[in-house]
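Chemist:
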Amino acid sequence: MTTAQEYESDLEPVEVVDAELVDDAAPGAGEVAVHDPVAAVLAALDTEAAEYQYDNRPNKTRKGYARDWVLWQEFHGWLGEQTGTRLPDSTITVGTYVAFVRWLDEVKEAAPSSIERRVTGVASEARRFGYEVPKAARAAATQALKPLKNDKERQKRGRGKAVAITPADLRKMNTSPRERKPQPGARRRRVVVVPELARLRDRSLHTMRFAVAGRNEEMSELEDTGIRLVAEGLEVHVPSVKGRPARDVVVSYGENVDTCAVRCWIAWQEAKLAAGAAPDGPAYLPVDQWGNLSAAKLSPDGCGRAISRSAKYAGMTGRRITGHSGRRGLVTTGRRNGKRPEKLRAQGGWSKNSPVFWEYVDEGEKWEDNATEGIGL
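Numbered according to this note's numbering, the sequence shown spans residues 1 to 377.
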């Protein structure tokens, strides 16, 4: 790996030309700029649009992008020390963007996935501030990231990808004991009994997530009125989040009562209403350790923690199970059982050219007609 010192030696000193040395006879020098009302209106609309998009982002995303911009400013400060010139924060070029990627990799030793997200965050914040983000700069940063993403040592810096879960995993999580013993080294040694209401909520949340390939944000935004029980199962309206289009999907009755999203939803809905929940409120609500139900919707983070917590108490250690595991699991399990890719893609709301979706498809198909099967080995 290239060290920070070696990287610094790669940087050439920047020659700076003082403003007063510029030839006054240059084209356009001395001319008075003419006010262009059309350009002014368009610029104002662009600024207003950027602010509107910013205001409608989830708070977690806004905070993340703000931290990315702070890192961009820190990078410019570091670059200024190496070159002797502090460039403006608005300087987004092929050179600065590629240097930013290298700085994050070699100086900050960030994981490739984190670098990729920070490049996106900086571009988003820059546009909000009215700075230009050239397509060539984004493309160059993406190209610089490719070898980093294929490096196994660099991949170890991150938490790694969420693994796919299967119906067998769901069954294990949904049938694990309700008594949760204290972890080794815990100060409190008492056994915690999970309230029945929380257990029913988690069973429904996990199976519904798997069935609709739901993201944490989508599971949080689900409404009772968007889940309709019909003879065949459930008709589910998955709302729009983070600018993604809403989608309407169907969920059939399952073969096993412990992994059937329809039966788990009915049980949770009946228990929730009996506990005093509003009939037309959020689909999933917080439940405290005493079994008290909240009227507010379960947050996206709460939805993610629920599945990770259930996996841990079911003894499924050594695997990174997160809110994304259900989305991945539906595709891999579906392909192994002959489900058409276009059906799976529509269920989870992936775009036609989503590289992530096709990665999941390949994972589900890797044993289908494999190269060593039936060739006389």
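Just so it is clear, CB atoms sit at the ideal spot from N, CA and C, and this is done for glycine as well.
On a predicted model such as this, the values are computed, not experimentally measured, just so you know.
Assuming the contact rule is C-beta atoms closer than 8 Å, G291 and A198 should be a hit. Round their C-beta distance to whole Å, please.
Modeler: Contact holds; Cβ gap of about 7 Å.
Chemist: Just the C-alpha distance for L45 and G130, rounded to the nearest angstrom, thanks.
Modeler: L45 and G130: Cα-Cα distance of roughly 11 Å.
Chemist: Spell out the partners DSSP gives V287 in its beta bridges.
Modeler: According to DSSP, which records beta bridges pairwise, V287 is partnered with L293.
Chemist: Run through the segment 342 to 369 for me and flag every whole beta strand (DSSP E) of 3 or more residues, listed as ranges in chain order.
Modeler: Here no run is fully enclosed.
Chemist: How about the segment 58 to 69 and the segment 120 to 137: do they share at least three Cβ pairs that are nearer than 8 Å?
Modeler: Yes: at least three Cβ pairs fall under 8 Å.
Chemist: Check D169 in the structure and name its three-state DSSP category.
Modeler: The answer is helix: DSSP assigns D169 an H, G or I state.
Chemist: Can you tell me which of the three DSSP states R215 falls into?
Modeler: R215: coil per DSSP, three-state reduction.
Chemist: Considering only the beta carbon of each residue, do R336 and W367 sit closer than 9 Å?
Modeler: Contact flag set, yes.
Chemist: Give me, in chain order, the residues of the same chain whose beta-carbon lies closer than 7 Å to that of D288; leave out the 5 immediate sequence neighbours on both sides.
Modeler: Answer for D288: no residue qualifies.
Chemist: Under DSSP, the alpha helix (DSSP H) around S325 begins and ends at which residues?
Modeler: That run of the alpha helix (DSSP H) goes 325 to 336.
Chemist: Suppose the cutoff is 8 Å on Cβ atoms and the five residues either side in sequence are ignored; what does the same chain contact list for R319 look like?
Modeler: So the list reads V163, A311, once near-sequence residues are dropped.
Chemist: With which residues is V249 paired in a DSSP beta bridge?
Modeler: In DSSP, V249 forms a bridge with V236.
Chemist: In angstroms, rounded to a whole number, what distance separates the CA positions of T83 and S308?
Modeler: Each residue's Cα considered, the two are about 46 Å apart.
Chemist: On the criterion of 16 or more Cβ atoms from any shown chain inside 10 Å, does I115 qualify as buried, or is it exposed?
Modeler: Classification for I115: buried.
Chemist: By the three-class DSSP mapping on this structure, what secondary structure does E48 have?
Modeler: E48: helix per DSSP, three-state reduction.
Chemist: Going by DSSP in three states, T96 sits in which element: helix, strand or coil?
Modeler: Helix.
Chemist: Once DSSP output is grouped into helix, strand and coil, what is the label at E179?
Modeler: Strand at E179.
Chemist: Is V163 helix, strand or coil when you go by DSSP?
Modeler: Three-state result, V163: coil.
Chemist: Could you compute how far the alpha carbon of K352 sits from the alpha carbon of G315?
Modeler: Roughly 37 Å separates the two Cα atoms.
Chemist: Note down, in chain order, each residue of its chain lying with its Cβ closer than 8 Å to the Cβ of A346, except the 5 sequence neighbours on either side.
Modeler: For A346, where only same-chain residues beyond five positions count, the Cβ hits under 8 Å are R247, V249.
Chemist: If I'm right that T166 touches G329 with Cβ under 8 Å, what's the distance once you round it to whole angstroms?
Modeler: With a Cβ gap of about 6 Å, T166 and G329 count as contacting.
Chemist: Let me check understanding here. Comparing Cα to Cα, which of I92, V107, C264, E365 lies closest to A136?
Modeler: Cα-wise, what sits closest to A136 is I92.
Chemist: Roughly how many angstroms lie between the CA atoms of H237 and E106, to the nearest whole one?
Modeler: Spanning the two alpha carbons is a distance of roughly 45 Å.
Chemist: Compute the Euclidean distance between the alpha carbons of C303 and G323, then round it to the nearest angstrom.
Modeler: Cα to Cα, C303 sits roughly 7 Å from G323.
Chemist: To which residues does DSSP link R228 through a beta bridge?
Modeler: Looking at the DSSP assignment, R228 forms a beta bridge with E235.
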